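Q:
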Amino acid sequence: MNAAKIPAACAPWVRTRLRTAPGISAALAVLVCLTAFLAAAFPRSVDAYETKALRHDVTTAEPGQSVLEVATPPPSLAAPRPVREQAMREKALAGIDRALVKRLPDPVRADLPLSSYGVHTTKPIVAEEAWLPRPNAMPPQLHYAVPSALGEHSELAAGRWPASHGEVTAATGEVEAAVTEETAKELRMKPGSTLTVPTQGGKPLTVRVTGIVTPLHPESGYWSVDPLYRAPSLMQDPASPTPVLYWTGTLLMAPGTGPALLDTMGEPELYWRLAPDASGLTAADVPRLRDAVAGLENGPALLKLRALVGPNTTLTTDLDAILDAYTAMRAAIGPVVTVAAVGIGAVAAVVLLMTGGLIGARRHHELALLRSRGGSLRGIGGRLLAETAVAVLPAAALGLLLAVLLVREARLLPAVAGAAAVASLVCLVLPLRTTLRHRRPLLHGARDDVVDARPSRRRTVAELTLLVLAAGAVAALRRRGTSTGSGADLLVSAAPVLVGLIAALVLVRLYPLPLRLAARPVARLRGAVGFLSLARAGRASSSGTLPLLALLIALTTAAFGGSVLAGVADARDEASLRAVGADARISAEGGLSALSEGFVREVRAVDGVQDVTPVRIEYGTPLAAGPDVRSDTKRATLLGVEPESYARLARGTGLPAFPGATLEGGAGQDEVLPALVSPALGERLGERPHTIRSQAGDIRVRVAGVLTRTSAVSGSEFLIVDAKRLAQPDPTTLLITGSSLDGRRLTAAARDEGPEYGVRLRSAERERFVDTPMQSGAERIYGAAVAAGAGYALLAVGLSLLQTAPERTTLLARLRTMGLTTRQGRRLLAFEAMPQALLAAFGGLLVGWATIALLAPGVDLGALALAGGDPSTPHTASLRADLLSLALPAAGVVVLAAAVAGVQAWWASRRGSIKELRAGDTR
131 MNAAKIPAAC APWVRTRLRT APGISAALAV LVCLTAFLAA AFPRSVDAYE
181 TKALRHDVTT AEPGQSVLEV ATPPPSLAAP RPVREQAMRE KALAGIDRAL
231 VKRLPDPVRA DLPLSSYGVH TTKPIVAEEA WLPRPNAMPP QLHYAVPSAL
281 GEHSELAAGR WPASHGEVTA ATGEVEAAVT EETAKELRMK PGSTLTVPTQ
331 GGKPLTVRVT GIVTPLHPES GYWSVDPLYR APSLMQDPAS PTPVLYWTGT
381 LLMAPGTGPA LLDTMGEPEL YWRLAPDASG LTAADVPRLR DAVAGLENGP
431 ALLKLRALVG PNTTLTTDLD AILDAYTAMR AAIGPVVTVA AVGIGAVAAV
481 VLLMTGGLIG ARRHHELALL RSRGGSLRGI GGRLLAETAV AVLPAAALGL
531 LLAVLLVREA RLLPAVAGAA AVASLVCLVL PLRTTLRHRR PLLHGARDDV
581 VDARPSRRRT VAELTLLVLA AGAVAALRRR GTSTGSGADL LVSAAPVLVG
631 LIAALVLVRL YPLPLRLAAR PVARLRGAVG FLSLARAGRA SSSGTLPLLA
681 LLIALTTAAF GGSVLAGVAD ARDEASLRAV GADARISAEG GLSALSEGFV
731 REVRAVDGVQ DVTPVRIEYG TPLAAGPDVR SDTKRATLLG VEPESYARLA
781 RGTGLPAFPG ATLEGGAGQD EVLPALVSPA LGERLGERPH TIRSQAGDIR
831 VRVAGVLTRT SAVSGSEFLI VDAKRLAQPD PTTLLITGSS LDGRRLTAAA
881 RDEGPEYGVR LRSAERERFV DTPMQSGAER IYGAAVAAGA GYALLAVGLS
931 LLQTAPERTT LLARLRTMGL TTRQGRRLLA FEAMPQALLA AFGGLLVGWA
981 TIALLAPGVD LGALALAGGD PSTPHTASLR ADLLSLALPA AGVVVLAAAV
1031 AGVQAWWASR RGSIKELRAG DTR
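Reading the sequence shown from the start, the letters are residues 131 to 1053 in my numbering.
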């Protein structure tokens, strides 16, 4: 009788492993979740700040630049008059406006509340009314417009709204209009004023002003595309040989009165001003948006508009120039950000490799037993892949979900690719790295340490290849720079990573040498702790290249990112100092209004003011006196200063210093005055005394010194003399130094002194350089790169110490049986960890400094630091090594290594030694 087969009990592998070691799976899942979040958040963050920057640039641009203006003349004279009149009526214009909005090609969209349409005259018409103002005896020249939705964009200040009475035609004799408050004030208009407009038929058109309106949003495109809608302007007559001014402005006629302008001499034009709607634009839309705008200006889209509006239709806009400026800034900032991304990505990949190595090392004996009992590499690898995927895939999905929820307005596909890359790397590294080590049987007791290991030929060839790649990347970055406009080059962006990789390989090769040199004198000492610690450090596994590589790349990335942020801050400080000259500046720009002594004393008494330097500034002083002065004579800026006060200012602001006694000399006005000059002016004047005719009187000067820069002026040639020697020594500018200056009190004091005086604060000038979301977004990414680099460096230290923790615990247990005290055990572990920690810290400092020194000539921080500033002021933005960014992460590595070793020694002293001293243990 055959016994029934009884199935063998078999527990699922994955469930058993997760129950056996839940802590390892949880720690791996947390690390993968964090790394996947960073990998998914980086492209989304870049997309987000680039999208915000695009919308910011479009919405904050001048309406005259961003608006799409469609214009066409009225129908030709060959068309019947009713047809021409009908084309200029409100209903026809509104119909075309709706059709235009629908015909705009993607992704161009119109912002309807900010758009407008109507009829206006393109040629000004002379107004002969005697009551109108006539500067230089010239009568005003006025425009007439019929804008849409006047009541929605303004409010009535006086009179009543203009209206049309009946159907208006070209023969209508009178229409009504409104003017803004500024136009009414300057042109002396009021409700009831009438103007006579000549026409081609001889019968004049009377325009009656019925109301005065106030714009609700004067800065909007409705009022700003044509500034004359909002306010009149004084214009200069181009036909007059002498400056002759006349007033020009616009009267806003009632809706539906467009046909009345048909026979006027103003050459009427129909227009539709479409304000772009940037709310739906993204950074990925820029190429399509550029093509769409080009097609609307001169392309197939323009032909469609002409078929809709008229054969002579034109579309004008400067939106393409806005897109060009945006693209240029993105191209300049993108490569700099890519350097940080590649660095952090490399560090994260190395740390994930280290994690896989740690898990594989912990399970080496288990898998060796499976292999010895007939387990195949494919079967072992498949089981490892399954148990790894169970923990990794949900963690990567969670990291992706967090990135999507926290970073909005970005594409999903790059984030998915980043998270998937992290998950794929972890799922493949652990099975492959672990199973490949069991291809053939491994002998116990074979040495595999940095002192005994000899690099193979393959490794030497690989290291030389990496050296060539690193040298080429550094040379390319120095020659081409990051602002070539060709986009991000991964080889160039990986230059810091390649430099760190080469440094790690070199340091690993040199690491045994100092250990051997240090072990000889230590061996002669009485204590055994020092010798044992160095011997243990020398017996460290040769696979320690990976932790060192992670540390060097992480420290280099953190140092590079911190130096970028420091360089940006320095560039903004320097540019704001160039623009202002001190912490604050009070002056009447372009004038020579003298400041009173009482005002200077009042400024000195303001809270936060430490010093006040009075300066007399005369712009455009000719460098020749008497009849030699012509319009093309070389000119410079004359500065009259108090020598000691101005010298203190130069020293305090970090500008080229000079002794105050240099400017003292010359007892009388006929004496030669010593002067400090700019380099070009010094070469021109030479050593001979020169007579200079200034507004402060004729002076004779001699070059006493040359300064490359000075506080009072920037970007021009200057000449500095002692103000007391001038005929008019009264100051025109105050340069103020101090901390926490009270800007409101300074502004109030300047207004009391005179309406022409203004206050410029260095702090306010500095804030102008952080002008776009692209700048602030790139800075946040670099801040995150510094933090992530430091975090991964500390994590690499922890993983490298955890990998050898069981071995060190066994060593302490065995040494305690031989009489090693707890204190000696702590010293032993600390001394054992110090060589590699010091090597990583010192190498990180050296490699970080060398990387910045090598790459600084090719890294341009101008777009990242100085966009939004005054383009007339010369700016520099160079990369420099930041000591804090170099030292802090390196010191953290040493402190963490010592702390982990101390904690492990303390914990091992509290536990029993039975487990570690088991007979037959191979550890």
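Virtual Cβ for every residue (Gly too), placed ideally from N, Cα, C.
Being a predicted model, the structure only gives us computed values, none of them experimental.
(1) Flag this pair as yes or no: are the beta carbons of A478 and L168 separated by less than 8 Å?
(2) Please classify V537: does DSSP put it in a helix, a strand, or coil?
(3) Tell me which residue opens and which closes the beta strand (DSSP E) that Y749 is part of.
(4) Report buried or exposed for H494, applying the criterion of at least 16 other Cβ atoms within 10 angstroms of its Cβ.
(5) Just checking, does the segment 202 to 212 make contact with the segment 922 to 931 on the three C-beta pairs under 8 Å criterion?
(6) Beta-carbon separation of P193 and S354 under 8 Å?
(7) Jot down the residue ranges of each uninterrupted beta strand (DSSP E) in the segment 299 to 347, minimum 3 residues, whole runs only, in chain order.
(8) I'd like to know whether the C-beta atoms of L635 and V742 end up nearer to each other than 8 Å.
(9) Do you know offhand how far G379's Cα is from T344's?
(10) On the criterion of 16 or more Cβ atoms from any shown chain inside 10 Å, does H295 qualify as buried, or is it exposed?
(11) Could you check what DSSP says for P357 in three-state terms: helix, strand or coil?
(12) May I have the straight-line CA-CA distance separating A462 from A455, to the nearest angstrom?
(13) Count the other CB atoms, across all protein chains shown, that sit within 10 Å of the CB of V347; report buried if there are 16 or more and exposed otherwise.
(14) Taking the CB atoms as reference points, tell me whether T443 and R436 lie closer together than 8 Å.
(15) Please report how far the alpha carbon of L523 lies from the alpha carbon of V160, in whole angstroms.
(16) Counting only the same chain and skipping the five closest in sequence on each side, list residues whose C-beta sits under 6 Å from that of Y247.
(17) If you count every other CB in all the chains shown that lies within 10 Å of the CB of R508, and 16 or more means buried, which is it?
(18) Within 10 Å of its beta-carbon, does L841 have 16 or more other beta-carbons around it, so buried, or fewer, so exposed?
(19) Are there 16 or more other CB atoms within 10 angstroms of the CB of E349, so buried, or fewer, so exposed?
(20) Helix, strand or coil: which one does DSSP assign to L647?
(21) From V327 to D703, what distance separates their C-alpha atoms?
(22) Considering only the beta carbon of each residue, do A405 and D187 sit closer than 8 Å?
(23) Buried or exposed, going by whether 16 or more other CB atoms sit within 10 Å of the CB of F972?
(24) Leaving out five residues before and five after A287 in sequence, what residues of the same chain have Cβ atoms less than 7 Å from its Cβ?
(25) Measuring CA to CA, which of G396, R818, R731 is closest to E883?
(26) For G617, does the three-state DSSP call read helix, strand or coil?
(27) Extract the residue ranges of the alpha helix (DSSP H) inside the segment 208 to 258, only unbroken runs of 4 or more that lie entirely within it.
(28) Per DSSP, which residues does D852 bridge with? Please list them.
(29) Can you give me the Cβ contacts of G835 inside the same chain, cut-off strictly under 7 Å, excluding the 5 residues immediately before and after it?
(30) Which of the three DSSP states is assigned to G913 in this structure?
(31) Quick one: grab the DSSP three-state call for W402.
(32) Just checking my contact of G697 with V916 at CB under 8 Å: how many whole Å lie between their CB atoms?
(33) Rounded to the nearest angstrom, how far is the Cβ of V481 from that of L925, given a contact under 8 Å?
(34) According to DSSP, P804 sits in a beta bridge with which residue or residues?
(35) Helix, strand or coil for R174? Go by DSSP, reduced to three states.
(36) Ordered along the chain, which non-local residues of its own chain (more than five positions away) have a Cβ less than 6 Å from that of P235?
A: From the atom records:
(1) Yes, the Cβ-Cβ distance between A478 and L168 is below 8 Å.
(2) coil
(3) Note, Y749: beta strand (DSSP E), 739 to 752.
(4) Its Cβ having fewer than 16 others within 10 Å, H494 is exposed.
(5) no
(6) yes
(7) 304 to 310, 324 to 327, 335 to 345
(8) no
(9) 15 Å
(10) exposed
(11) helix
(12) 11 Å
(13) Inspection of the sequence shows that residue 347 is occupied by His rather than by Val. H347 comes out exposed.
(14) yes
(15) 11 Å
(16) L223, D227, S278, W402
(17) exposed
(18) Note on identity: in this sequence residue 841 is Ser, with Leu being the wrong assignment. When all chains shown are included, S841 counts as buried.
(19) Looking at its Cβ environment, which holds fewer than 16 other Cβ atoms inside 10 Å, E349 is exposed.
(20) helix
(21) Going from the Cα of V327 to the Cα of D703 covers about 57 Å.
(22) Judged by their CB atoms, A405 and D187 are not nearer to each other than the 8 Å cut-off.
(23) Per the 10 Å Cβ criterion, exposed.
(24) E311, I342, V343, T344
(25) When only C-alpha atoms are compared, the closest one is R731.
(26) Reliability of the predicted coordinates at G617 is poor, the pLDDT of 48 falling under 50, and the value obtained from them is presented with this limitation in mind. In the structure shown, G617 sits in coil (DSSP, three-state: anything other than H, G, I, E or B).
(27) 211 to 217, 220 to 233
(28) V771
(29) F788, T792, L806
(30) helix
(31) Here W402 sits in strand by DSSP.
(32) Not quite, the Cβ-Cβ distance comes to about 13 Å (not below 8 Å), so this is no contact.
(33) 6 Å
(34) R832.
(35) helix
(36) Residues A422, A431 of the same chain have their beta carbon placed closer than 6 Å to that of P235, with the five preceding and five following residues left out of the count.
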